[in-house]
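> Each residue of the sequence shown is one higher than the one before, starting from 16 at the first, in our numbering. A virtual CB, placed ideally from N, CA and C, is assigned to each residue, including glycine. From a predicted model like this one, the values you see are computed outputs, not experimental measurements.
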Amino acid sequence: MELFTELRAVTEAAQREQDLPDPLAAKIFAILDNPELFRAREKEIRELIGQVNDYDTYGQTGYMGMGVNNAILEGTLNRLWASV
16 MELFTELRAV TEAAQREQDL PDPLAAKIFA ILDNPELFRA REKEIRELIG QVNDYDTYGQ
76 TGYMGMGVNN AILEGTLNRL WASV
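(1) Is it the case that the Cβ atoms of Y73 and A29 are separated by a distance below 7 angstroms?
(2) Quick one: Cα of R101 to Cα of Q33, how far?
(3) Can you give the Cα-Cα distance for T91 and N68, rounded to whole angstroms?
(4) Expressed to the nearest angstrom, what Euclidean distance is found between the alpha-carbon atoms of L18 and A86?
(5) Which whole-angstrom value is the C-beta distance of L95 and L47, which I expect to be below 8 angstroms?
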């Protein structure tokens with residue numbers, strides 16, 4: 016699956032299934048609306064895909080938790096946007 020298509024799919028799934036907050040989804044959709052800015056950031060986009068896929072609204076990120084919470088996802092998005 017093409018990188019940005021995969022990012023769209025996992026983001027839409029996280030919205031439906033994990034209550035991904037609209038502001039975070041909006042930042043991801045803005046990346047999807049501007050792929051030319053992020054094509055050179057394949058590694059970071061793959062990391063973002065993994066994090067969105069592991070997103071857990073209820074923060075199962077503690078000692079044994081493997082999920083990704085709002086703060087982790089926000090940090091990744093901020094780094095991505097700062098790189099362009």
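Reading it off the structure:
(1) no
(2) There is simply no residue 101 to check, as the chain begins at 16 and stops at 99 in what is shown.
(3) 13 angstroms
(4) 23 angstroms
(5) With a Cβ gap of about 12 angstroms, L95 and L47 do not count as contacting.
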